[in-house]
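Numbering (full-length UniProt numbering), first residue to last: 1 to 810.
One structure is given below, encoded as structure tokens.
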């Protein structure tokens with residue numbers, strides 16, 4: 001291409017980042033040269049590489065996945081993943097880890113020799129003459145319109161710009177910072193290198209034919225001030241990482257370099273550390289092919305570029321390897337650089353000739369801006385993961401292992417990995433081969449992801465509003481217990497628990513609902529209000545059974561439903577909304593509930609709430625019988641949970657007992673299989689609540705002397721110390737009015753937050769979010785708050801479950 005004859009990228013380093021970038025540039029006929037310091041382009045340095053779905057997607061674009069799969073010769077890499085304690089005993093087991101990743105993200109985890117991936121890259125390159133070995137970069141000069149790169153052998157190379165892909169001890173970074181200090185003082189922090197921390201040292205290597213090793217397994221092993229990651233590989237290989245915390249954090253030039261003598265001492269000290277109950281780390285080490293001991297730098301540099309020089313990969317963002325994202329992150333950075341380069345090419349009419357310093361700096365700035373925060377997140381997450389497995393905070397680690405993890409199950413691990421993989425970059429101008437999956441990547445979603453800082457502001461506003469609602473509830477929910485007790489003693493007789501204090505308290509609680517029913521306005525209000533509780537009862541139950549909520553406070557729906565009767569919906573709804581702001585499950589897999597539970601909801605709501613509510617509200621000539629129905633209604637919300645549990649358990653046992661019915665494994669199950677059932681549940685809830693709302697309003701509007709406004713909104717000042725009422729019924733009617741108004745405020749807060757969460761995650765576009773929010777507002781009056789909530793959840797369920805289809809990835 002004559003128009004590109006003066007464009008060339010000089011790449012220092014022939015590792016993962018360097019060769020991947022070269023392969024990317026070749027896809028678009030962009031010239032480059034790779035300068036590698038070793039004698040070979042794929043030296044046997046004893047390192048391994050773990051390619052996760054975010055990296056595999058880029059490799060698939062480059063046509064490398066088939067070759068990687070051939071390395072494993074058709075063997076599924078990981079059938080079991082274990083976490084183990086310091087004695088090697090299994091704490092948790094995840095079956096089919098590889099397949100679980102594949103069905104979610106389109107790709108599994110491949111752990112193999114780093115050397116092999118470099119060979120795959122090299123074999124793919126068309127212009128192998130551009131890959132030069134024994135060319136260790138020692139110095140860089142900025143020249144007019146380009147860069148001049150000097151190697152240790154005295155050879156000199158020029159190009160449009162230089163990419164430093166030469167690792168944590170980057171010669172390019174060193175030359176770049178020297179130029180920055182000289183040409184633009186203050187551009188680089190002069191003390192930044194001295195603040196690069198090292199918390200751990202690591203023995204890593206490759207072993208083969210380890211005695212008692214079970215293929216296709218990986219082990220994450222806890223320790224005190226140490227941890228292990230030991231992983232199966234192809235050809236009966238085992239890759240190990242033994243991390244040991246340094247006695248004190250080292251920085252910059254004080255970070256030690258280790259010799260073979262240091263490694264021998266490390267081996268002597270750790271040879272008996274268990275991996276499993278049958279294998280020690282020494283057993284793996286004794287079967288080694290290669291090994292090394294190295295310090296682990298953890299850093300994301302503030303500035304990745306200067307003028308026509310940029311660093312990528314470990315030379316600018318270096319995480320702890322326990323997270324497995326070092327190589328994957330390098331691929332992402334290379335992809336983002338190429339994306340920005342091609343955008344510039346398009347803006348310039350298809351030419352990259354005669355690029356100015358400003359144009360190149362714009363490319364570099366956009367690359368760093370796109371990648372910097374994500375790189376920081378990856379480094380931070382790996383650091384937290386390491387500190388967790390090394391028990392830097394043993395109380396926290398033990399609490400999570402003993403209480404949280406057993407509740408959350410393996411899905412919590414997969415959910416955390418989702419947060420790592422989904423934001424991954426791709427090469428925008430290359431197609432992504434179709435890999436059916438349940439979870440789309442962020443760049444495949446219908447709308448852009450909204451920045452987390454904006455979400456925190458919105459969430460803070462909602463939480464603040466719900467907090468204010470709780471404050472108003474504390475001021476306004478006033479029950480005249482003494483007067484109610486007097487009324488109860490004369491009018492209520494429910495000796496369900498014997499002639500004792502428990503029965504008297506039960507009679508008092510039941511009387512709270514019995515007294516105002518005698519007033520027409522109050523009866524109308526309660527007849528409208530009580531059916532509107534179906535949605536929170538139902539939705540709290542559904543949210544409690546979500547796969548993604550197993551270890552969250554929302555997994556206790558019976559407490560919230562029982563709380564409605566003890567504290568009122570005015571307190572429960574805002575409180576649940578606040579918890580939902582921090583514990584929200586919106587992934588297509590995490591959204592699911594067991595099919596048996598979904599099928600049990602309509603009968604559970606009908607038996608547990610609808611029938612008791614109807615019977616409590618219907619006028620009856622037998623007052624004693626009516627009081628018993630009012631008494632039963634006190635248990636109605638938690639009865640829904642009880643019936644849900646009993647019916648779902650019965651369905652599950654019946655399904656398991658049927659002959660010839662094969663239980664479908666969850667790996668093969670469509671995460672949207674519960675969707676038709678849930679939508680029918682929401683339709684049922686919508687119909688009942690909308691009917692109750694419309695009917696009561698129609699009845700009230702034609703009732704002589706009855707004001708709908710006063711019926712629902714005749715509310716005294718909550719900050720007034722003394723409310724004067726003509727009767728006990730009027731006082732209790734005010735209690736229910738406040739309970740409904742503040743409860744509905746909690747509904748609306750939860751509704752709007754759910755819409756916002758879908759928008760911020762890119763599941764819906766802004767105009768749709770605004771339209772649905774307006775529907776929520778209008779729905780409060782047209783069909784009532786309960787029906788509106790049920791209708792919203794019908795729509796929301798469909799949006800989350802159908803996101804893979806909407807994104808075109810399934």
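Yeah, the Cβ is synthetic: ideal placement off N, Cα and C, and Gly gets one too.
Span separating the alpha-carbon of residue i from that of residue j
i: residue 801; j: residue 168; result: 42 angstroms
i: residue 231; j: residue 281; result: 12 angstroms
i: residue 439; j: residue 548; result: 14 angstroms
i: residue 155; j: residue 312; result: 23 angstroms
i: residue 213; j: residue 233; result: 11 angstroms
i: residue 592; j: residue 144; result: 60 angstroms
i: residue 519; j: residue 497; result: 30 angstroms
i: residue 43; j: residue 83; result: 32 angstroms
i: residue 577; j: residue 751; result: 9 angstroms
i: residue 430; j: residue 331; result: 14 angstroms
i: residue 163; j: residue 19; result: 12 angstroms
i: residue 227; j: residue 158; result: 45 angstroms
i: residue 36; j: residue 275; result: 37 angstroms
i: residue 237; j: residue 105; result: 26 angstroms
i: residue 779; j: residue 491; result: 39 angstroms
i: residue 546; j: residue 585; result: 8 angstroms
i: residue 536; j: residue 103; result: 33 angstroms
i: residue 502; j: residue 225; result: 55 angstroms
i: residue 673; j: residue 9; result: 50 angstroms
i: residue 65; j: residue 33; result: 24 angstroms
i: residue 747; j: residue 796; result: 15 angstroms
i: residue 799; j: residue 170; result: 47 angstroms
i: residue 630; j: residue 489; result: 16 angstroms
i: residue 283; j: residue 72; result: 24 angstroms
i: residue 726; j: residue 654; result: 57 angstroms
i: residue 25; j: residue 341; result: 10 angstroms
i: residue 258; j: residue 556; result: 52 angstroms
i: residue 722; j: residue 733; result: 16 angstroms
i: residue 675; j: residue 701; result: 38 angstroms
i: residue 759; j: residue 679; result: 21 angstroms
i: residue 86; j: residue 292; result: 23 angstroms
i: residue 396; j: residue 749; result: 33 angstroms
Close beta carbons around residue i, own chain, < 6 angstroms, minus the five adjacent residues each side
i: residue 787; result: 686, 689, 690
i: residue 682; result: 790, 793, 794
i: residue 425; result: 332, 335, 336
i: residue 117; result: 49
i: residue 299; result: 196, 318
i: residue 389; result: 222, 227
i: residue 552; result: 583
i: residue 661; result: With a pLDDT of 49 at residue 661, under the threshold of 50, the modelled position of that residue is not reliable, and the figure given next carries that caveat. Around residue 661: no qualifying Cβ.
Residues of its chain near residue i, where Cβ-Cβ distance is below 8 angstroms and the 5 sequence neighbours each way are ignored
i: residue 487; result: 511, 515, 728
i: residue 100; result: 94, 410, 414, 667
i: residue 624; result: 493
i: residue 550; result: 407, 408, 409, 411, 412
Same chain, Cβ closer than 7 angstroms to residue i, neighbours up to 5 away in sequence not counted
i: residue 152; result: 136, 138
i: residue 644; result: 541, 597, 600, 601, 604
Residues bridged to residue i (per DSSP)
i: residue 240; result: 205, 230
i: residue 80; result: 95, 217
i: residue 311; result: 164
i: residue 32; result: 9
i: residue 198; result: 250, 297
i: residue 48; result: 113
Complete runs of the alpha helix (DSSP H) confined to the region 248-307 [at least 4 residues]
260-270, 281-286
Counting beta carbon pairs with one atom in the region 740-749 and one in the region 443-456, are three or more of them shorter than 8 angstroms?
no
Inter-stretch contact (C-beta, 8 angstroms, three-pair minimum) for the region 48-64 and the region 101-115
yes
The region 314-327 touching the region 381-394, judged by at least three CB pairs closer than 8 angstroms
yes
Pairing CB atoms from the region 594-608 with CB atoms from the region 636-645, are three or more of them under 8 angstroms?
yes
Is the region 124-131 in contact with the region 19-34, if contact means three or more CB pairs nearer than 8 angstroms?
yes
Counting only runs that start and end within the region 352-422, where is the alpha helix (DSSP H) found for 4 or more residues in a row?
357-389, 394-399, 405-408, 410-421
Quick one: complete beta strand (DSSP E) runs, 3+ long, within the region 84-147?
90-95, 110-113, 137-143
Which parts of the region 674-717 are runs of the alpha helix (DSSP H), unbroken and 4 residues or longer, counting only runs that do not cross its ends?
675-701, 708-713
Are the region 203-213 and the region 356-367 in contact at 8 angstroms, needing three or more beta carbon pairs?
no
Please determine if the region 361-379 and the region 181-198 are in contact, where contact requires at least 3 C-beta pairs separated by less than 8 angstroms.
no
Could you name each continuous alpha helix (DSSP H) segment of 4 residues or more that falls completely within the region 706-791, going from the start of the chain to the end?
708-713, 728-760, 766-782
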